[in-house]
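Protein chains: 2
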Amino acid sequence: MIDDLERAGASVTVKRAGGPDPARSRLTMGDLAQLAGVSAITISRALKNSDLVRPAVREKIQSLAAAHGYRLNTAARNLRLRRNHSITAVVNMTPSADRPISDPIFLALVGGLLQVSTDAGCRLILTNADQLLSSRNDDTDGIIFLGQGSDDAVLREVNALGLPFVVWGAPREEGGGWLTIGSDNVRGGRSIGEHLTALGRKQLLFLGDPAYPEVADRLSGLRSATAASCEITVIACPFGRGAGMTATAQAMTEGWRGDAVVGASDTLAMGAMTTLLGAGLHIPHHVAVVGFDDIPAAATAPVPLTTVRQDWDKAGALLGTKLLQWVAGERPGGEMLPISLVERASTIGMR
Amino acid sequence: MIDDLERAGASVTVKRAGGPDPARSRLTMGDLAQLAGVSAITISRALKNSDLVRPAVREKIQSLAAAHGYRLNTAARNLRLRRNHSITAVVNMTPSADRPISDPIFLALVGGLLQVSTDAGCRLILTNADQLLSSRNDDTDGIIFLGQGSDDAVLREVNALGLPFVVWGAPREEGGGWLTIGSDNVRGGRSIGEHLTALGRKQLLFLGDPAYPEVADRLSGLRSATAASCEITVIACPFGRGAGMTATAQAMTEGWRGDAVVGASDTLAMGAMTTLLGAGLHIPHHVAVVGFDDIPAAATAPVPLTTVRQDWDKAGALLGTKLLQWVAGERPGGEMLPISLVERASTIGMR
DNA sequence: GACTAGTGCGCCCTTATCGTA
DNA sequence: CTACGATAAGGGCGCACTAGT
Numbered sequence: 001m002i003d004d005l006e007r008a009g010a011s012v013t014v015k016r017a018g019g020p021d022p023a024r025s026r027l028t029m030g031d032l033a034q035l036a037g038v039s040a041i042t043i044s045r046a047l048k049n050s051d052l053v054r055p056a057v058r059e060k061i062q063s064l065a066a067a068h069g070y071r072l073n074t075a076a077r078n079l080r081l082r083r084n085h086s087i088t089a090v091v092n093m094t095p096s097a098d099r100p101i102s103d104p105i106f107l108a109l110v111g112g113l114l115q116v117s118t119d120a121g122c123r124l125i126l127t128n129a130d131q132l133l134s135s136r137n138d139d140t141d142g143i144i145f146l147g148q149g150s151d152d153a154v155l156r157e158v159n160a161l162g163l164p165f166v167v168w169g170a171p172r173e174e175g176g177g178w179l180t181i182g183s184d185n186v187r188g189g190r191s192i193g194e195h196l197t198a199l200g201r202k203q204l205l206f207l208g209d210p211a212y213p214e215v216a217d218r219l220s221g222l223r224s225a226t227a228a229s230c231e232i233t234v235i236a237c238p239f240g241r242g243a244g245m246t247a248t249a250q251a252m253t254e255g256w257r258g259d260a261v262v263g264a265s266d267t268l269a270m271g272a273m274t275t276l277l278g279a280g281l282h283i284p285h286h287v288a289v290v291g292f293d294d295i296p297a298a299a300t301a302p303v304p305l306t307t308v309r310q311d312w313d314k315a316g317a318l319l320g321t322k323l324l325q326w327v328a329g330e331r332p333g334g335e336m337l338p339i340s341l342v343e344r345a346s347t348i349g350m351r
Numbered sequence: 352m353i354d355d356l357e358r359a360g361a362s363v364t365v366k367r368a369g370g371p372d373p374a375r376s377r378l379t380m381g382d383l384a385q386l387a388g389v390s391a392i393t394i395s396r397a398l399k400n401s402d403l404v405r406p407a408v409r410e411k412i413q414s415l416a417a418a419h420g421y422r423l424n425t426a427a428r429n430l431r432l433r434r435n436h437s438i439t440a441v442v443n444m445t446p447s448a449d450r451p452i453s454d455p456i457f458l459a460l461v462g463g464l465l466q467v468s469t470d471a472g473c474r475l476i477l478t479n480a481d482q483l484l485s486s487r488n489d490d491t492d493g494i495i496f497l498g499q500g501s502d503d504a505v506l507r508e509v510n511a512l513g514l515p516f517v518v519w520g521a522p523r524e525e526g527g528g529w530l531t532i533g534s535d536n537v538r539g540g541r542s543i544g545e546h547l548t549a550l551g552r553k554q555l556l557f558l559g560d561p562a563y564p565e566v567a568d569r570l571s572g573l574r575s576a577t578a579a580s581c582e583i584t585v586i587a588c589p590f591g592r593g594a595g596m597t598a599t600a601q602a603m604t605e606g607w608r609g610d611a612v613v614g615a616s617d618t619l620a621m622g623a624m625t626t627l628l629g630a631g632l633h634i635p636h637h638v639a640v641v642g643f644d645d646i647p648a649a650a651t652a653p654v655p656l657t658t659v660r661q662d663w664d665k666a667g668a669l670l671g672t673k674l675l676q677w678v679a680g681e682r683p684g685g686e687m688l689p690i691s692l693v694e695r696a697s698t699i700g701m702r
């Protein structure tokens, strides 16, 4: 009875009372249901490939939907399911040299992320920490932090949002509440140390700011593999090619005359290379140079750069997978990604 | 009366009939309304700073919302307003050398985009063309295409979605239906030509694939400024440092012995530089080198690179602004961004 | 009675419109 | 007229249920 009244009301109301501009309205499941001669829920199930709909009906509905260019209204689904079907990647976007994640790496990470998030039917939202924290909206299911830098306070604030939260970087002491995934920086530093030791290098210059946990790990790995045999001079400096140039020049001015430079990143190492070559030194005859990351430019540097490769694409995919598991209710553990040393002319070149 | 019945029904129904897991539910406007002793709509208005709510009430509600950590349910608002409050940036994410937009540029563009979209209360979604086209969802208000490459078919497909659509690149013949915004590539090429002509260079090598409209424009600008005075050899090659190295080597093998190389991008020019230096040539004494884009690495190349600067941050902001205007119902026109030549040692170095 | 394919209803949360004190 | 409230969408989907074998 109520049903009848409502139907009558609906058909009488030629001009809808409230609501936004109906001119922009698209095809809905209801429309599609009428066209197909079934109910809306059947459309829903058919488009989801549910077993509850016969294959024949399912196909008919799917082709009908395709023919009419039907697109699912995400807002309605999200509202009903209490999920946003989107995850957020937080990035420090300002183009500064002082950035722990360099550009090609960032793109590869995002590429991997995009792959898994799309496969899971999720959108990938890009933002930075300020925007994320100042938004008063509840529109994401989980957060991924790329390039944590050395700032714990921001991580804690983001964590306070109460969403699944995965950070790319070096794991801190436990208890943060979030999940950390990163490369095995200690092992990376160690393999550099072993390589240089095998080459008989004794006087190392390390470029990078140990305030970043990743950098500290790389340095400690390097130290552990070279303990007795090498002397290591550390110059704390930000990331970037310019910083590598400056730091190397500074070291030389201050009297450093070693036989190897290790950059905490490829950009740092390539900056060092520029300064060394400019000073008339031969690489690797006088000074060997090693980087970290294996960005594309490393292979085509003036002297191809020996460096530590990390599988960024896989890393991005792993970040996404873990976050999505967490969103789905599991509680996955952290993980370290393996690394591998790529030997090039900057350490093993012909003399 | 109906009201009373429903209230009674609600209070009796301890366990709700349908719906998803209620444990995960957050605070809603209704809850907040009860706490504040007003109706939900008043909460809505107060949080929007509407004049329809007294300032005193407004402030009380806002602080209440803040105290309880209330976050607006975006899905519900989007459903009601028939807007997604999100725009999509489409990017070719695969790390290939054959990419018309290099990484730092991409990040700067995205940074500018992020700025304006957030200011407008919009989320920025990142995706690639495949994902965008295969999605059967209707969850974005507009699309921005970064790095169109030479593939018109994809643009037409995206355009067929019927959403506001802005493309970064060189404008094509009219009638596409979408909006194109790009740098003034012709003028950029021309200023390179004028610069090299003033320096007395006569035999130019141009690296880049004219199949890309941007590249074709740069080349035609270069030609127009050097018409009588120069001979230009064109080597069609993809983007990237490696391609620049190979192409230059190829040109020299084939007998090219000119006095200037112009790369369609900085990466191409820097690759050329590597090959030239490796062949024992002096830059710019024997050969001047010019790039395009002014990526950060250009300033710190072995020989700092003369190049054409484009304001990427501003470009991203402009892309976003135009798209948002279109989303809001206006129909803004296309635009060209100004460029400027940055003269460095690769053309005006001491001899 | 057990099973399958499909239906009716209500709810998710916010906001435009109109009504009311 | 000012400040607030009641109502009704907005589109999709989970649950309980029914028609059919």
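If you're matching them up, the sequences are chains A and B in order.
1 is the number of the first residue of the first sequence in this note's numbering; add one for each residue after it.
352 is the number of the first residue of the second sequence in this note's numbering; add one for each residue after it.
C-beta: ideal position from N, C-alpha, C; glycine also.
Just so you know, these numbers come straight off a predicted model, no measurement behind them.
Proximal residues to A/Pro-248 (C-beta, below 6 Å), its chain only, five neighbours per side dropped:
The amino acid at residue 248 of chain A is misidentified as Pro; the sequence shows Thr. For A/Thr-248, where only same-chain residues beyond five positions count, the Cβ hits under 6 Å are Ala-272, Thr-275.
Mind pulling the chain A residues with CB within less than 7 Å of B/Ala-480?
The contacting residues do not exist; B/Ala-480 stays about 12 Å from chain A at best.
For A/Lys-48 and A/Asp-293, I'd like the C-alpha separation in whole angstroms.
Approximately 41 Å, taken between the alpha carbons.
Measuring CA to CA, which of A/Leu-277, A/Val-167, A/Leu-204 is closest to A/Asp-152?
A/Val-167
Mapping the DSSP letters down to three states, classify B/Phe-457 as helix, strand or coil.
helix
Quick check: what's the CA-CA separation for B/Val-641 versus B/Ala-615?
9 Å
Starting from A/Ala-46, trace the alpha helix (DSSP H) both ways and give me its first and last residue.
40–47
B/Pro-689 burial status per 10 Å Cβ neighbour count (16 or more: buried)
Exposed is the call here.
Kindly list the residues whose CB is nearer than 6 Å to the CB of B/His-419, restricted to its own chain and excluding five residues on each side of it in sequence; keep chain order.
Leu-378
Close-in-space but distant-in-sequence residues of the same chain around A/Thr-74 (CB under 8 Å, 5 per side omitted):
If you ignore the 5 residues before and after A/Thr-74, its C-beta comes within less than 8 Å of the C-beta of His-85, all in its own chain and listed in chain order.
I'd like the span of the alpha helix (DSSP H) that includes B/Val-566, first residue to last.
564–577
Bridge partners for A/Arg-309 per DSSP, in chain order?
A/Asp-293, A/Ser-340
By a C-beta neighbour count over all protein chains shown, 10 Å radius and 16 as the cutoff for buried, is B/Gly-551 buried or exposed?
It counts as exposed.
Counting only the same chain and skipping the five closest in sequence on each side, list residues whose C-beta sits under 8 Å from that of B/Leu-628.
Contacts found: Ile-634, Pro-653, Val-654.
Span separating the alpha-carbon of B/Thr-618 from that of A/Ala-243
20 Å
One or two residues paired with B/Gln-413 in a DSSP bridge
Answer is none; B/Gln-413 lacks a bridge partner.
For the stretch 54–76 of chain A, which residues have a beta carbon sitting closer than 8 Å to at least one beta carbon of chain B?
Ala-65, Tyr-70, Arg-71, Leu-72, Asn-73, Thr-74, Ala-75, Ala-76
To the nearest angstrom, how far is it from the Cα of A/Gly-280 to the Cα of A/Cys-230?
A/Gly-280 and A/Cys-230: Cα-Cα distance of roughly 24 Å.
Measuring only the C-alpha atoms, how far is B/Leu-458 from A/Leu-196?
35 Å
On the CB-based measure, 16 or more other CB atoms within 10 Å of its CB, does A/Glu-343 come out buried or exposed?
A/Glu-343 is exposed by the Cβ-count criterion.
When we look at the beta-carbon of A/Arg-190 and count the other beta-carbons within 10 Å, is it buried (16 or more) or exposed?
Buried: at least 16 other Cβ atoms inside 10 Å.
Say whether chain A places a C-beta atom closer than 8 Å to the C-beta of B/Ala-374.
Residue confidence is low: B/Ala-374 scores 45 on pLDDT, short of 50, so the model does not pin down where it sits. No coordinate-derived value is stated.
What's the C-alpha gap between B/Gly-606 and B/Ala-578?
Cα to Cα, B/Gly-606 sits roughly 22 Å from B/Ala-578.
Identify which residue in B/Leu-475, B/Asp-489, B/Gly-559, B/Ala-427 has its Cα closest to the Cα of B/Ile-495.
B/Leu-475
Just reading off the alpha helix (DSSP H) that A/Leu-205 is part of, what are its end residues?
That residue, A/Leu-205, is in no alpha helix (DSSP H); its beta strand (DSSP E) goes 203–207.
Give the DSSP-derived three-state secondary structure of B/Asn-488 in the structure shown.
Strand.
Please list, in chain order, the chain A residues whose beta carbon lies closer than 7 Å to that of B/Asn-429.
Ala-75
To which residues of the same chain is B/Ser-571 closer than 8 Å at the C-beta, ignoring the five residues directly before and after it?
Closer than 8 Å at the Cβ level, and outside the excluded window around B/Ser-571, lie Val-537, Gly-540.
Kindly indicate which residue of B/Ala-440, B/Leu-415, B/Ala-602, B/Lys-411 has the alpha-carbon position closest to the one of B/Ser-468.
B/Ala-440
CA-CA distance, A/Ala-65 and B/Asp-481?
19 Å
Residues in the same chain with beta-carbon distance under 8 Å from A/Leu-163, minus the five sequence neighbours each way, listed in chain order, please.
Thr-140, Asp-141, Gly-142, Ile-143
Give the interface partners of B/Ala-648 over in chain A, defined as CB-CB distance under 8 Å, in chain order.
Arg-241, Ala-297
Which whole-angstrom value is the C-beta distance of A/Val-262 and A/Leu-222, which I expect to be below 8 Å?
6 Å
To the nearest angstrom, report how far apart B/Asp-372 and B/Gln-466 are at their CA atoms.
Because the pLDDT of B/Asp-372 is 46, which lies under 50, any placement of that residue in the model is unreliable, and the number read from its coordinates should be weighed accordingly. When rounded, the distance between both Cα atoms is 36 Å.
With 16 other Cβ atoms within 10 Å as the buried cut-off, status of B/Arg-604:
This sequence places Thr at residue 604 of chain B; Arg is not what is there. Exposed is the call here.
Using 8 Å as the limit for Cβ to Cβ distance, is A/Ile-235 near chain B?
no
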